[in-house]
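Residue numbers (the numbering used here): 33 to 306.
Even glycine gets a Cβ: it sits at the ideal position worked out from N, Cα and C.
Computed from a predicted model, the values in this text were never measured in an experiment.
Comments concern the structure below.
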């Protein structure tokens, strides 16, 4: 397989100078020169058996100048590095372009694609309980959930399918996909957790208001109290009585015919004048 692929790569390199030459009047010749250099570096790496480096050089060359020869050789390097799914896509793109003047190379690409399709394992995934915003991932990369409608082609080796919800993995299954195998896997996705209840803390109690001490007023007189029982009434009455008694005595002592004695008092014995 390595010899056949290397032959295809060298075939691509034999016509590289013609295909990678800049067109007349091209405004960015340096970009074309960089693409040609990357292409030749890819050929050299493939001859040395350094397929990861060859793949990187062909990817760069094709990104700068999307030529059919670079895409053809990129597909071969992808096969050698185990990226069978990408290699099949590259061969399909190459054949769909139809702009390679080499009919022999096109035939080789079609044969390589047929061999790849037989080698690529597939996995049919059933995911129960998927929510609209759930994300389906294959080996950590998001994939379109429409792929669940049929078998999903994968590269050989250990492959992990996951369902991610709100940034967390909620379902995960790993399979060991051998070349040519057709597997099935089920992802049991749990229902979404109920929303967290928002608990509102009551506001703190207000600080107590300290009022200044209040001096109570004297008890007002009882409106229902008897006036005759009031001390001030009897004091007044006593004063009047005493006043009246004093007035009566004064009148008695000042009555005519009853002169007072030498001390100012009346006597009962008549006064005789010698």
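| request: Find out if the Cβ-Cβ distance for the pair residue 198, residue 116 is shorter than 8 angstroms. | output: Result no, Cβ atoms of residue 198 and residue 116 do not sit closer than 8 angstroms.
| task | Could you check what DSSP says for residue 128 in three-state terms: helix, strand or coil? | result | Residue state for residue 128 is assigned as helix, using DSSP reduced to three classes.
| Nearest candidate by alpha-carbon position, reference residue 132, set 105, 120, 121 | Among 105, 120, 121, the Cα nearest to that of residue 132 belongs to 105.
| task | Compare the beta carbon distance of residue 183 and residue 152 with 8 angstroms and say whether it is the shorter of the two. | result | Against a cut-off of 8 angstroms, the Cβ pair of residue 152 and residue 183 comes out as no contact.
| DSSP beta-bridge partners for residue 215? | Under DSSP, the beta-bridge partners assigned to residue 215 are 155.
| query | Under 8 angstroms, do residue 92 and residue 70 count as touching if we go by C-beta distance? | reply | Taking 8 angstroms as the cut-off, the beta carbon of residue 92 is found closer than this to the beta carbon of residue 70.
| query | Do the CB positions of residue 191 and residue 209 come within less than 8 angstroms of each other? | reply | With a cutoff of 8 angstroms on beta-carbon distance, residue 191 and residue 209 are scored as near each other.
| query | Where does the unbroken beta strand (DSSP E) through residue 174 begin, and where does it stop? | reply | For residue 174, the enclosing beta strand (DSSP E) stretches over residues 173 to 175.
| Endpoints, the alpha helix (DSSP H) within which residue 93 is located | Residue range 83 to 96 is occupied by the alpha helix (DSSP H) that includes residue 93.
| 8 angstroms Cβ shell around residue 215 - same chain, five flanking residues per side excluded | Excluding positions up to five away in sequence, the list reads 153, 154, 155, 156, 207, 209.
| field | Beta-carbon proximity of residue 159 to residue 202, cut-off 8 angstroms | value | Contact flag unset, no.
| Which residue's Cα is closest to the Cα of residue 195: 223, 236, 140? | Nearest in C-alpha terms to residue 195, of all of 223, 236, 140, is 223.
| Beta carbon of residue 170 nearer than 8 angstroms to that of residue 111 | Cβ distance not < 8 angstroms, so residue 170 and residue 111 don't count as in contact.
| field | Burial state of residue 36 (16 or more Cβ within 10 Å) | value | Bear in mind that a pLDDT of 48 at residue 36, under 50, signals an unreliable position, so the number given afterwards is only what the model happens to contain. By the Cβ neighbour-count rule, residue 36 is exposed, with fewer than 16 other Cβ atoms within 10 Å of its own.
| query | Among the residues of its own chain, which have a CB less than 6 angstroms from the CB of residue 76, if the five just before and after it don't count? | reply | Here the set comprises nothing.
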